[in-house]
Amino acid sequence: MGYFLIGFLVVVLSVGNVIEEANGEIPRTILGKIERINQKGPYLGIVAPNNYELNPLLGSKAYVPSSSLPFIDFAGRKFRFGKLSNQPVIIVMSGLGMVNAGITTQLLVSLFRLKGVLHYGIAGNADVNLEIGDVTIPQYWAHSGLWNWQRYGDGIDNELALESGGDYTREVGYLQFSKYSNRTDNLLNRVWYQPEEIFPVTGTPEERQHVFWIPVDKSYLKLARKLEDTKLPQCVNTTCLPRPPKVTIVKRGMSASVFIDNAAYRTFLNSKFNATAVEMESAAVALISHQQNLPFIVIRALSDLAGGGSDVSNEASIFSSLAAENSVEILVKFVALLPPHRSKIQSE
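According to mature numbering (1 follows the signal peptide of the UniProt record, and there is no 0), the stretch in the sequence shown is residues -24 to -1, 1 to 324, in order.
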């Protein structure tokens, strides 16, 4: 009978743990590990989009995994702990797109004691004056996928649906589909780009604010300028770029859960918004960091001219690996420029 009761309790506890995790709660064992980790903080949070961008960082000689607790698995993410250029870091992969990037970044900043957020990876290029392999560090990021799609027949002077209530605006600007049609008219009319609705931790809960362009941290940007014109590798096997890639501080980057392989839209984003790097995650990382009042910066290497047009064929498939490695190299160099780490324990 005693063995039966013990077995029954084990089953009950096991089922309880499954229910706890299924409900999205943090298991007690994970909470204990998080508390141990946070005692040694604060950390730099590093968000990589995908495996082909994550793996070069994990394989870098500058990264040393923690020997006592190398990672925690939670909510489908693996949070890795270690040091990068002697700075304590927590590295996590977000996965593709704005939703994944936003969820992952919020988990990172909510669970762990951070002093800043770094995001890196590859991007499409909207600026024909830059080359594949160049590493861009934009000063501002925006989400280019939040639209108010205007009904056919309305013009630019017509009020948008729900505009009078403050939900939408015509201040940012629009894309007119008929400008990209063989005919003079188009039933798709136009879409108006919209700022994000945000709820900063420094504001009143549930009292919304709006933001379109999110600035990166000024002190991080100042350090990043020291890396400008850094020359980087230019060849993949025997295929080489016309010149060595370099680091460039650019004005703006834009993100949306859309893979841009269209030259007309690339040209529009560059001419309308002065955007250079176009990709699928950075604005989400920027929006979360901004709302959480954490300094952040984004490092994105150009893997292709979005929509084509380069004299190098199949550019993305050829040079994505080189771009990913270049973004990691500049990330490592940037981290090395940061002031020495002082943990809470060391400072007391």
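The C-beta atom is built at its ideal place from N, Cα and C for all residues, glycine as well.
In this chain, the alpha helix (DSSP H) harbouring Ser247 covers Ala239 to Phe249. Spanning the alpha carbons of Thr145 and Asp130 requires a straight line of approximately 15 Å. Cα atoms of Ser157 and Arg201: separation of roughly 41 Å, rounded to the nearest angstrom. In summary, Phe272 is buried, with 16 or more beta-carbon neighbours lying within 10 Å of its beta-carbon over all protein chains present. The DSSP-derived three-state label of Thr252 is strand. Take the alpha-carbon of Asn302 and the one of Asn238: they are about 25 Å apart.
Annotated three-state conformation of Gly71 is coil, per DSSP. When only Cα atoms are considered, Leu20 and Glu139 end up about 40 Å apart.
Rounded to whole angstroms, the separation of the alpha carbons of Ser265 and Thr81 is 8 Å. Of the candidates Arg159, Trp168 and Lys59, Trp168 places its Cα closest to the Cα of Ile132. With a cut-off of 8 Å on Cβ pairs, the stretch 120 to 129 is not in contact with the stretch 198 to 213, counting fewer than three such pairs.
Straight-line measurement puts the Cα of Ser154 at about 45 Å from the Cα of Ser86. If you draw a 10 Å sphere on the C-beta of Tyr116, you find 16 or more other C-beta atoms in it, and that means buried. A contact between stretches requires three or more CB pairs, one per stretch, nearer than 8 Å, and the stretch 26 to 36 fails this requirement with the stretch 105 to 115.
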